[in-house]
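Colleague:
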Amino acid sequence: MMDEKKQGDDGSSRRTFLKQSSLLTAAVLAPPVALKAAEEHWDERVADAMEHVSLQIEVNGVSHSLKTDPRVTLLDLLREQLELTGTKKGCDYGQCGACTVHVDGVRVNSCLTLAVMNNGKKVTTIEGLAKGEELHPMQEAFIRHDGFQCGYCTPGQIMSAVGCIKEGHAGSEEEIREFMSGNICRCGAYPNIVDAIHEVSKGGKKV
Ligand code: FES
Ligand code: FES
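Taking my numbering, the leading residue of the sequence shown gets 4, the next gets one more, and so forth.
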């Protein structure tokens, strides 16, 4: 912790020193207008370097080496940089579950985690659940039980449902309701969603 802080302090003093010495040289050699332009250009380059950090991430079995802004959420990285738009943005505040994905096998709200926090991790989205043309048993069960109406919440519901079974929290309808309570369905398809999850859970298939 101390070392990191020290490094940060050193880095920032070095940057300040470099900036000041560049500007001092420019001040001697250049008129005020050129000096202002030099300062703005320098700031742009620093901002650019700091806003694009390297990220290694595996998504649906494909490895990606990316540059990203450290403020970008995993949800926005998936949707806007990798064009995997199956994962939905509902509230963007961790309240609806529409953005649920699996990170290293655990369900998470991708709107609540920064992309850079997932460096080196494996992410599965709804696009990675089926095996080619063969749907995942949970996708089939949602279709069989009519577990959706508009379908907006459905990718998050399905990812969460798979997580719910993997965690061992789908033993009864009551338990399923409890452990799926973070996934909101504005169409009110809850009874059918619970039926679908219960069927897959009882079927004992590997999810
Ligand atoms: Fe992430 Fe609603 S969009 S929880
Ligand atoms: Fe419409 Fe759930 S099916 S929000």
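From the three backbone atoms N, C-alpha and C, an ideal C-beta is built for every residue, glycine too.
Note that the structure is a prediction, hence the values are computed from the model and not measured.
Examine ligand 2 and report whether any of its heavy atoms sits within less than 7 Å of the Cβ of residue 151.
Modeller: The answer is yes for residue 151.
Colleague: Between which two residues does the alpha helix (DSSP H) harbouring residue 169 extend?
Modeller: Segment 157-169, the alpha helix (DSSP H) holding residue 169.
Colleague: How about residue 117 and residue 76: do their beta carbons lie closer than 8 Å?
Modeller: Yes, they are a contact pair.
Colleague: Between the alpha carbons of residue 207 and residue 89, how many angstroms are there, rounded?
Modeller: So the alpha carbons of these two residues sit roughly 27 Å apart.
Colleague: Expressed to the nearest angstrom, what Euclidean distance is found between the alpha-carbon atoms of residue 58 and residue 80?
Modeller: Approximately 11 Å between the Cα atoms of the pair.
Colleague: Would you please state the rounded distance, in angstroms, between the beta carbons of residue 179 and residue 201? I believe it to be under 8 Å.
Modeller: Yes, they are in contact, since the Cβ atoms of residue 179 and residue 201 sit about 6 Å apart, within 8 Å.
Colleague: Quick check: residue 130 and residue 87, are their CB atoms within less than 8 Å of each other?
Modeller: A contact, by the Cβ cut-off of 8 Å.
Colleague: If you count every other CB in all the chains shown that lies within 10 Å of the CB of residue 112, and 16 or more means buried, which is it?
Modeller: Under this definition residue 112 is a buried residue.
Colleague: Any heavy atom of ligand 1 closer than 7 Å to the beta-carbon of residue 46?
Modeller: Checking every heavy atom of ligand 1 against the Cβ of residue 46, none is found closer than 7 Å.
Colleague: Consider the C-beta atom of residue 164 and the heavy atoms of ligand 2; say whether any pair is separated by less than 7 Å.
Modeller: Flag unset: Cβ of residue 164 not near ligand 2.
Colleague: Under 7 Å: does the beta carbon of residue 192 sit that close to some heavy atom of ligand 2?
Modeller: Yes.
Colleague: In three-state terms, what does DSSP make of residue 92?
Modeller: Looking at residue 92 - three-state DSSP - the assignment turns out to be coil, as it is neither helix nor strand.
Colleague: By Cβ distance, which residues of its chain are closer than 6 Å to residue 82, with the 5 residues on each side in sequence left out?
Modeller: Around residue 82: 88.
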